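K.L.:
Residue numbers (our numbering): 4 to 214. I'd like to ask you about the structure that follows.
Pasting the structure below:
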């Protein structure tokens, strides 16, 4: 799909499905929070979460006191939902919402360097090689030296489709190859996620550091 088709797909999903019923919703994103905690970055360091949807991770990072969070998603509707939730909690000042397709080379060109890149369940939707290349280029350019990338995608044991779209599955060596030699794998683990409807989704969680 091109950008307009992809955007339309996700706008439709978030307009028709309550966030809590989507197949990737986490009430408590413990695996991500644990890896972010291991990075030991300061509360002032910049964090970017790509493919945020209406992720509760954003709320919880803000509640922990992180001040410079960017939430990026192709779906304007998803970000509207997230904005409303953050405003109700008084957390919106700590979060910048960015409605962009990160596979477009200019999408995050003006974004300041970050200490932490987080992606749970975006990369595995990128089927075209050039989209994956632009993803990797964006990570390489945006994460500053010494910074981290937390990436969680469907593992090789995972499903072939999600939300009506085909997915590409990953192991840690695939992710290492994609990010390149400047990103050193620090930690990896398998995680079996249970969807709101009871389905089982095997993920791999990885933590990389840029050297």
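Glycine is no exception: its CB is placed at the ideal position from the N, C-alpha and C atoms. Computed from a predicted model, the values in this text were never measured in an experiment.
(1) Could you spell out the range, first to last residue, of the beta strand (DSSP E) harbouring residue 71?
(2) Give the DSSP-derived three-state secondary structure of residue 67 in the structure shown.
(3) Let me know if residue 2 comes out buried or exposed under the rule of 16 or more other beta-carbons within 10 Å of its beta-carbon.
(4) If I measure Cβ to Cβ from residue 116 and keep anything under 8 angstroms in the same chain, skipping five residues before and after, which residues do I get?
(5) Residue ranges of each beta strand (DSSP E) run of no fewer than 3 residues wholly in the stretch 111–184, ordered along the chain?
(6) Taking the beta strand (DSSP E) that residue 237 belongs to, which residues open and close that run?
(7) Just tell me which of 16, 7, 17, 21 has its CA closest to the CA of residue 199.
(8) Taking Cβ to Cβ, would you say residue 6 is nearer than 9 angstroms to residue 28?
(9) Where residue 208 and residue 97 are concerned, what is the direct C-alpha to C-alpha distance, given to the nearest angstrom?
(10) Which residue wins for smallest C-alpha separation from residue 179, given the options 53, 11, 91, 153?
(11) If contacts are defined as beta-carbon pairs under 8 angstroms, then residue 142 and residue 157 qualify, I think. What distance do you get, rounded to the angstrom?
(12) Return yes when the Cβ of residue 34 is within less than 9 angstroms of the Cβ of residue 173, no when it is not.
(13) Looking only at its own chain, which residues have a Cβ that is under 7 angstroms from the Cβ of residue 86, when we skip the five neighbours before and after it?
(14) In whole angstroms, give me the CA-to-CA distance for residue 168 and residue 17.
(15) Am I right that residue 155 and residue 124 are in contact with their C-beta atoms under 8 angstroms? What's the rounded C-beta distance?
(16) Classify residue 89: buried if its beta carbon has 16 or more other beta carbons within 10 angstroms, exposed otherwise.
P.N.:
Let me lay it out:
(1) 71–76
(2) coil
(3) Examination of residue 2 is not possible in this model, given that the chain is present from 4 through 214 alone.
(4) Cβ contact annotation for residue 116 (same chain, cutoff 8 angstroms, sequence separation greater than five): 49, 145, 146, 147, 150, in chain order.
(5) 117–123, 146–157
(6) A question about residue 237 goes unanswered here, because the residues of the chain that appear run from 4 up to 214.
(7) Checked all of 16, 7, 17, 21; the closest Cα to residue 199 is 21.
(8) no
(9) 26 angstroms
(10) 153
(11) Rounded, the Cβ-Cβ distance is 18 angstroms, inconsistent with contact.
(12) no
(13) 95, 100
(14) 15 angstroms
(15) Here residue 155 really is in contact with residue 124; their C-beta atoms are around 7 angstroms apart, less than 8 angstroms.
(16) buried
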